[in-house]
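Just below is one structure, and these are the notes that go with it.
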Amino acid sequence: MDGNPSGEEGDNIDWDTEDELEIQEIQNLPLSSSSSLTVPGGEAIAGTGEASSSAGSSNSKLIHHFVGMGFSEKMVAKAIEENGEGNTESILEALLTYSALENSQQQQHVDSDHCSSEYDESFLDDLSDMDSWSENEENTNSLSDKDKTLLSLSKMGYTVEEASTAVDRCGPDASLAELTDCIFAAQMSKAEDAYLPDENKPKNVHNDNGRHKKRKLFEYELWKRKKQRGYENEDDETIRLPKPMIGFGVPTELCEVYHRTLPEPAIGPPYFYYENVALAPKGVWNTISRFLYDVEPEFVDSKYFCAAARKRGYVHNLPIQDRFPILPLPPRTVHEALPLTRKWWPSWDTRTKLNCLQTCIGSAKLTERIRKALEDWDGVPPLQVQKYVLDECRKWNLVWVGRNKLAPLEPDEVEMLLGFPKNHTRGGGISRTDRYKSLGNSFQIDTVAYHLFFSLQILND
Numbered sequence: 001m002d003g004n005p006s007g008e009e010g011d012n013i014d015w016d017t018e019d020e021l022e023i024q025e026i027q028n029l030p031l032s033s034s035s036s037l038t039v040p041g042g043e044a045i046a047g048t049g050e051a052s053s054s055a056g057s058s059n060s061k062l063i064h065h066f067v068g069m070g071f072s073e074k075m076v077a078k079a080i081e082e083n084g085e086g087n088t089e090s091i092l093e094a095l096l097t098y099s100a101l102e103n104s105q106q107q108q109h110v111d112s113d114h115c116s117s118e119y120d121e122s123f124l125d126d127l128s129d130m131d132s133w134s135e136n137e138e139n140t141n142s143l144s145d146k147d148k149t150l151l152s153l154s155k156m157g158y159t160v161e162e163a164s165t166a167v168d169r170c171g172p173d174a175s176l177a178e179l180t181d182c183i184f185a186a187q188m189s190k191a192e193d194a195y196l197p198d199e200n201k202p203k204n205v206h207n208d209n210g211r212h213k214k215r216k217l218f219e220y221e222l223w224k225r226k227k228q229r230g231y232e233n234e235d236d237e238t239i240r241l242p243k244p245m246i247g248f249g250v251p252t253e254l255c256e257v258y259h260r261t262l263p264e265p266a267i268g269p270p271y272f273y274y275e276n277v278a279l280a281p282k283g284v285w286n287t288i289s290r291f292l293y294d295v296e297p298e299f300v301d302s303k304y305f306c307a308a309a310r311k312r313g314y315v316h317n318l319p320i321q322d323r324f325p326i327l328p329l330p331p332r333t334v335h336e337a338l339p340l341t342r343k344w345w346p347s348w349d350t351r352t353k354l355n356c357l358q359t360c361i362g363s364a365k366l367t368e369r370i371r372k373a374l375e376d377w378d379g380v381p382p383l384q385v386q387k388y389v390l391d392e393c394r395k396w397n398l399v400w401v402g403r404n405k406l407a408p409l410e411p412d413e414v415e416m417l418l419g420f421p422k423n424h425t426r427g428g429g430i431s432r433t434d435r436y437k438s439l440g441n442s443f444q445i446d447t448v449a450y451h452l453f454f455s456l457q458i459l460n461d
């Protein structure tokens, strides 16, 4: 998948993960006395002597290598038996998972509905096996919807504390797009201390190596114990966003005429226009307004202008009367925007709008897994399969392109949904990955043009 920013489980916070580098088999590497092997985590493993060609010698070297890292020989043998000798990264991940489970069982004996041994094992197994989440129903049956959401966010590279805070602030029904928007805003904002403890500030995660997995496992255990004992420092104050999110009015919805009074210094030119994600951390919008003459933010969801949601806040001193949309009006439903999908769209997929367009897309591996899940059933799949498919569709904005076939949006389709001309981001040395990334971080043109209609009048005059 060259240039395809796969956004499937295990992606980093930047949402632009490329295919991971594979660690070559240790037994096939001739290591001299001065050679070393560098793994993705950045650690160099020194080697002495020459690699044996026999399987027994190779197995012995692997066991000796991992025992030297502090794991028991029995545990190493089990990991090699389950993962084979060819993938040292999988072996290391398995060993870290075994260790975390062992420590968890020794340190914690809490009789709780949400913290049974089955629950712990399921959660930890899912963290160590990123590809098994959607396929292994045994791992998900004991989890609540909130825990599944936390797990999905954790797989994307966010910390448990970040994920939990976002869910608490945005509500249990918030989509993953809304939650990631909230977390991203918290990371970008210097006001993150307002609701995150000092010891758990957000950190960018640029890899998914064994040490990061181990940190996430223990972080989850620490967070869970704090919550059980009532030590978690929660703040119930949340940002109350308007519903529906139509700001001071949108052209597609009937609403009362809104009048606002601007502070004296903000009246007239120079005009300013500031955008940020609507689900910013507590206190961020107050800070923004304070530095811009205490002007009230206008919160608008772009789904009222196009076929995709995009919840944003705008602080500006532009006139709000006599605003009109630009022509031609963009398509406002998925089928209007992508008419070829209508033929294959099943009746049980009731989506008419896409979620917020992100900087990443779902991978080919994900769509293949969905296809296989659907082909196991003739006709309408059972509700459990429908829910799984729809969850992935909403998460990655997948559209139907054939019988039982889903696909992510192409860059030119994202351009169209955001109001840009076709091929606006194509060429000029811009890779496919960068196209998705730049579009995911851009404005929705029709929404912004509606707000800036006043400036068009000035130019025409």
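In full-length UniProt numbering, the protein residues as written are 1 to 461.
We treat Cβ as the ideally placed atom computed from N, Cα and C, and that holds for glycine.
The model shown is predicted, which means the values in this text are computed figures rather than measured ones.
I'd like to know whether the C-beta atoms of residue i and residue j end up nearer to each other than 9 Å.
i: W396; j: D349; result: no
i: E177; j: R435; result: In the sequence as presented, Glu is not what sits at residue 177; that position holds Ala. Cβ distance not < 9 Å, so A177 and R435 don't count as in contact.
i: R312; j: T425; result: no
i: L151; j: V167; result: no
i: N59; j: E82; result: no
i: A407; j: P325; result: no
i: Y274; j: S455; result: no
i: A186; j: A337; result: no
i: S175; j: C360; result: no
i: S430; j: L398; result: Per the sequence shown, the amino acid found at residue 430 is Ile instead of Ser. No.
i: G249; j: R323; result: yes
Whole angstroms are fine: how far does the CA of residue j sit from the CA of residue i?
i: P331; j: L95; result: 52 Å
i: D412; j: K343; result: 21 Å
i: A79; j: F299; result: 52 Å
i: V385; j: D173; result: 20 Å
i: Y388; j: A307; result: 23 Å
i: L354; j: P251; result: 20 Å
i: I91; j: K61; result: 13 Å
i: A373; j: P382; result: 11 Å
i: T352; j: G428; result: 34 Å
i: N136; j: V67; result: Reliability fails at N136, whose pLDDT of 41 lies under 50, so the model's placement of it is uncertain and the value that follows must be treated cautiously. The alpha-carbon atoms of N136 and V67 are separated by roughly 31 Å.
i: H64; j: M75; result: 12 Å
i: E410; j: M416; result: 10 Å
i: E392; j: L366; result: 9 Å
i: L262; j: P269; result: 12 Å
i: R240; j: E73; result: 55 Å
i: H259; j: N286; result: 20 Å
i: N441; j: R310; result: 11 Å
i: L340; j: Y98; result: 48 Å
i: H451; j: H335; result: 26 Å
i: S347; j: E93; result: 41 Å
i: L29; j: E89; result: Its pLDDT being 38, under 50, L29 is placed unreliably by the model, and the measurement read from it follows with that caveat. Their backbone Cα atoms lie some 15 Å apart in a straight line.
i: E161; j: D294; result: 31 Å
i: W377; j: K282; result: 46 Å
i: T159; j: G171; result: 18 Å
i: N404; j: L390; result: 13 Å
i: Q444; j: N423; result: 16 Å
Alpha carbons only, please: which of the options is nearest the one belonging to residue i?
i: E264; options: F299, S431, N317; result: N317
i: K315; options: T352, F324, G247; result: Reading off the sequence shown, one finds Val at residue 315, where the question assumed Lys. It is G247 whose Cα lies nearest to the Cα of V315.
i: S363; options: F443, T433, L262; result: T433
i: V257; options: Q321, P328, Y304; result: Q321
i: P328; options: A278, T97, P421; result: P421
i: L439; options: L366, G427, Q358; result: Q358
i: P244; options: D301, S99, K282; result: D301
i: F305; options: E392, T159, L418; result: L418
i: K437; options: L452, V414, W345, F71; result: V414
i: K303; options: T261, L179, T333; result: T333
i: P319; options: N423, F453, E375, L179; result: F453
i: W345; options: G402, F443, K148, I445; result: G402
Using 10 angstroms around the beta-carbon of residue i, count the other beta-carbons present and answer buried if the total reaches 16, otherwise exposed.
i: R290; result: exposed
i: V380; result: exposed
i: M69; result: exposed
i: D145; result: exposed
i: I183; result: buried
i: P297; result: buried
i: I267; result: exposed
i: Y231; result: Confidence in Y231 is poor, its pLDDT being 40 and thus under 50, which makes the residue's placement unreliable; the coordinate value appears in the next sentence. Exposed is the call here.
i: G254; result: The sequence shown places Leu at residue 254, not Gly. L254 should be labelled exposed.
Assuming the contact rule is C-beta atoms closer than 8 Å, residue i and residue j should be a hit. Round their C-beta distance to whole Å, please.
i: V277; j: D181; result: 5 Å
Nearest chain B C-beta to residue i closer than 9 Å, yes or no?
i: S431; result: Absent from the structure is chain B; it holds one protein chain and no more.
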